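Enquirer:
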DNA sequence: AATCAAACCCAAACCGCTTTGGATGCCGCA
DNA sequence: TGCGGCATCCAAAGCGGTTTGGGTTTGATT
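Protein chains in written order, with our numbering: chain R, 8 to 348; chain D, 8 to 348.
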């Protein structure tokens, strides 16, 4: 059932039917209702391909996912972000397009998306320092929103980010208040912007209390269980091991816990741990009582909001660049306590 | 730069240019090369929207993800599957469309995808017993491939699955060979088809050895860390606790391990554990020496293969339903050992 | 009664490509 | 010389919507 058939059945022109369905004012309310009813009855659904060609809009948003020699973006955090963004898209009748491409194809992919007209905008994931994607997207004129920020970029751009610096600064201060002085940092990869900011929060807090930085206490790697385990194991075998550890995610935190328990220590008593908790739906940090003390910020909610921002930008390209900085909560769980004496 | 402009520049008709670019035979080789060169020079990329309207094909594949009152499909396993499928799609110039919709909208979403012509086919995730999606997709004539199988469906359909029954049967037999007799099962939700099959593998193996089933030893829940933890905790506080546990995933396995260690026991010595390992890219089961003994099957590879099967079905709808059953490997890690005496 | 603006509807162009159904020119062969 | 056949190319008709630029009525205003 297409427009022509439907309008024939109704004895109207395609023009009028189209207008009736799309809420244009120049059509009699009575006919509009007649049209609506007929459309429902024959369950007419306009062909998306035709709409797209006619309007020039793709009604779709792209997410480009490089598969990674460099860095594995396909991680659980990413999945939850996508889920959140996807909710926004379906609510607004937009399609979500995922392009999983080899690293070296990333630039081409963006150019293709633009010139072939597949999408109206994109979300940029996992920004790095001086991220080349931002000038690229500017150049080709593709609307975009960055999830995170890209230090070093001087072009204006839209972003939505968690206040990672503040979150880790607060977490560090909290541990210092508990009397801890030697604090380990099990960070994510530090070419990632968020990891740089978290480290800054950590170092700022220490410096504010006049505590010297100890490079031996600072690790940076993928946020996997095994990396967390290895980093914590190294930390705990130091001559003067830390009494507290900040970890970059739930998963690396689980590795940290394993290393702690393997040495016969008790997390929260012998070693305090604070993680960053993305509030993943299938990996809750405890239920009544959180397992980990954590800086928490829902990445799914971030996905929802970033998608909304992008749809805004697409609908309203003239408006200046939008920004949104989400604050993480500091929630107290079982993994932190006063420094042991 | 569109076809008309390009053909004008070349002094040819759009017809000829189109044919030249698409490799049709009725065009002189010399002109074809001239056209190709010009296309590259002006980097002409045909407008996808127009191609889709003209050809009637969407050149896109859909994945519908219900957001879940019922069951959270947005999990790490799902993410890896998507990544694998996405690789196949980009290699074949197909788009991947993700629809994240509320449970109750699922049926509508499939109908919409079909009648609005957004996709040429879909992948069905996480099939359940008597899954209603299979008759639905049959009814609306949408090509599809199921990742897994749906017990109880009598209609023919394409699927790609892991031999879950066999995997868990082998794992169970392996533990029995080590002298274990009381085996706990920490299964996924048992309205999911794969969970039913795993349980069958477990019960078959026990029955074959003449061991009575003990309902107290069998748990079924979401595959989260916390559920794994809780199930294992219950198991270990039984009057006669099991000496070995089969867990449904890496993540629930980590919960099982936590429960074991919390009781001061050592995994692999006091309690053997076998998990199913989906070989997730960011959650490797150890590196040189696997942490967990596991039945392993890469879900990412499954994604690649399922997508290939679907593209096949789309290209060749007449061919009968295809099936593919992947076998899981049984890999030995540190989490299993002979029954303690 | 003539005029004019709304209100309502339609025919036709258009979006950018594919594909059908010829047209044209050239060559070989009877 | 005439004709069939092949190699090349093109005009025009879709694909299924939206949108432009009018046409008719109708009713109120002068």
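Note that beta-carbon positions come from the ideal geometry of N, C-alpha and C, so glycine has one too. Just so it is clear, the structure is predicted and the values come from calculations on it, not from any experiment.
Per DSSP, what kind of secondary structure is residue 24/R in: helix, strand or coil?
Expert: In the structure shown, residue 24/R sits in a helix (DSSP, three-state: H, G or I).
Enquirer: For the alpha helix (DSSP H) containing residue 211/D, name the first residue and the last one.
Expert: 200-215 is the extent of the alpha helix (DSSP H) around residue 211/D.
Enquirer: State the CB to CB distance for the pair residue 387/R and residue 193/R, rounded to an integer number of angstroms; the pair is presumed to be in contact (CB under 8 Å).
Expert: Residue 387/R lies beyond the residue range present for chain R, which begins at 8 and ends at 348; the question has no answer from this structure.
Enquirer: When you compare only the Cα positions, how much space is there between residue 297/D and residue 136/D?
Expert: Each residue's alpha carbon lies about 33 Å from the other.
Enquirer: Only counting runs of 3 or more residues, tell me where the beta strand (DSSP E) segments fall wholly within the segment 132-178 of chain R, in order along the chain.
Expert: Within the segment 132-178 of chain R, the complete beta strand (DSSP E) runs of at least 3 residues are 151-154 and 165-169.
Enquirer: Determine whether the Cβ of residue 123/D lies closer than 8 Å to any Cβ atom of chain R.
Expert: Chain R contact via Cβ: present.
Enquirer: With a threshold of 16 other CB atoms inside 10 Å of the CB of residue 163/R, please say whether the residue is buried or exposed.
Expert: Result: exposed.
Enquirer: Hey, could you find the ends of the beta strand (DSSP E) residue 226/D is sitting in?
Expert: Looking at the DSSP string, the run of the beta strand (DSSP E) that includes residue 226/D is 225-227.
Enquirer: Taking DSSP's pairing of strands, which residues face residue 336/D in a bridge?
Expert: Residue 336/D pairs with 303/D.
Enquirer: So which of 301/R, 147/R, 223/R and 266/R has the shortest CA-CA distance to residue 232/R?
Expert: Comparing Cα positions, the closest option is 266/R.
Enquirer: Expressed to the nearest angstrom, what Euclidean distance is found between the alpha-carbon atoms of residue 315/D and residue 179/R?
Expert: The straight-line gap from Cα to Cα measures roughly 49 Å.
Enquirer: Quick one: what's got a C-beta closer than 8 Å to residue 11/R's C-beta in the same chain, skipping five residues either side?
Expert: Excluding positions up to five away in sequence, the list reads 21.
Enquirer: If you draw a straight line from the alpha carbon of residue 213/R to that of residue 177/R, how long is it in whole angstroms?
Expert: The straight-line gap from Cα to Cα measures roughly 11 Å.
Enquirer: When you compare the CB positions of residue 128/R and residue 68/R, do they come within less than 8 Å of one another, or not?
Expert: Yes. Within cutoff.
Enquirer: Please compile the residues from chain D whose C-beta is within a distance smaller than 7 Å of the C-beta of residue 183/R.
Expert: Residues of chain D passing the Cβ test: none, with the nearest at roughly 28 Å.
Enquirer: For chain D, find out if any of its Cβ atoms is closer than 8 Å to the Cβ of residue 275/R; answer yes or no.
Expert: It does not: the Cβ of residue 275/R has no partner Cβ on chain D nearer than 8 Å.
Enquirer: Should residue 107/R and residue 90/D be called a contact, given that it needs their Cβ atoms to be closer than 8 Å?
Expert: For residue 107/R and residue 90/D, yes; Cβs fall inside 8 Å.
Enquirer: Which residues, in order along the segment 263-292 of chain D, keep a beta-carbon less than 7 Å from a beta-carbon of chain R?
Expert: Flagged, chain order: 268, 288, 289, 290 and 291.
Enquirer: Looking at the C-beta of residue 225/D, does it have a partner C-beta in chain R at a distance below 8 Å?
Expert: No, its Cβ sits nowhere closer than 8 Å to a Cβ of chain R.
Enquirer: Indicate whether the contact test is met: 3 or more Cβ pairs, each with one atom in the segment 322-329 of chain R and one in the segment 104-122 of chain D, closer than 8 Å.
Expert: Taking 8 Å as the limit for Cβ pairs, the verdict is that the segment 104-122 of chain D does not touch the segment 322-329 of chain R.
Enquirer: Would you check whether the ligand COA has a heavy atom nearer than 7 Å to the C-beta of residue 66/R?
Expert: Looking for the ligand COA in the displayed structure turns up nothing, as the structure carries no ligands at all.
Enquirer: Skipping 5 residues on each side, what residues in its chain have a beta carbon closer than 6 Å to that of residue 211/D?
Expert: Cβ neighbours of residue 211/D beyond the five flanking positions: 176.
Enquirer: Would you mind sorting residue 271/R into buried or exposed? The rule is 16 or more other CB atoms within 10 Å of its CB.
Expert: Under this definition residue 271/R is an exposed residue.
Enquirer: With H, G and I counted as helix, E and B as strand and the rest as coil, what does DSSP make of residue 241/D?
Expert: Residue 241/D: helix per DSSP, three-state reduction.
Enquirer: Residue 232/D touches chain R at which residues, Cβ-Cβ below 7 Å?
Expert: Result: 290.
Enquirer: Within the continuous beta strand (DSSP E) that includes residue 191/R, where are the two ends?
Expert: Residues 190-194.
Enquirer: According to the Cβ coordinates, are residue 101/D and residue 144/D closer than 8 Å?
Expert: Going by C-beta atoms, residue 101/D is not nearer than 8 Å to residue 144/D.
Enquirer: Figure out for me which residue from 334/D, 229/D, 252/D and 308/D has the closest Cα to the Cα of residue 288/R.
Expert: Taking only the C-alpha atoms, the option nearest residue 288/R is 229/D.
Enquirer: Does DSSP classify residue 434/D as helix, strand or coil?
Expert: There is no way to answer for residue 434/D, as the model of chain D reaches only from 8 to 348.
Enquirer: Tell me the rounded alpha-carbon separation between residue 86/D and residue 28/R.
Expert: Distance between the alpha carbons of residue 86/D and residue 28/R is about 38 Å.
Enquirer: For the alpha helix (DSSP H) that residue 218/R lies in, which residues bound it at each end?
Expert: Residue 218/R -> no alpha helix (DSSP H), and no H or E assigned at all.
Enquirer: On the CB-based measure, 16 or more other CB atoms within 10 Å of its CB, does residue 35/D come out buried or exposed?
Expert: Exposed.
Enquirer: If we count the other Cβ atoms within 10 Å of its Cβ and call it buried at 16 or more, is residue 2/R buried or exposed?
Expert: For residue 2/R there is no data in the structure shown, the boundaries of chain R being 8 and 348.
Enquirer: Just to make sure I have the definition right: I need the residues of chain R whose C-beta is within less than 8 Å of the C-beta of residue 110/D. Which are they?
Expert: By Cβ distance, chain R contributes nothing, its closest Cβ being about 12 Å from residue 110/D, past 8 Å.
Enquirer: My output table needs one value for residue 103/D: the three-state DSSP class, helix, strand or coil.
Expert: Here residue 103/D sits in strand by DSSP.
Enquirer: With residue 134/D and residue 156/D assumed to form a contact (beta carbons below 8 Å), what rounded beta-carbon distance in angstroms separates them?
Expert: Indeed, because the Cβ distance is near 6 Å, the residues count as touching under 8 Å.
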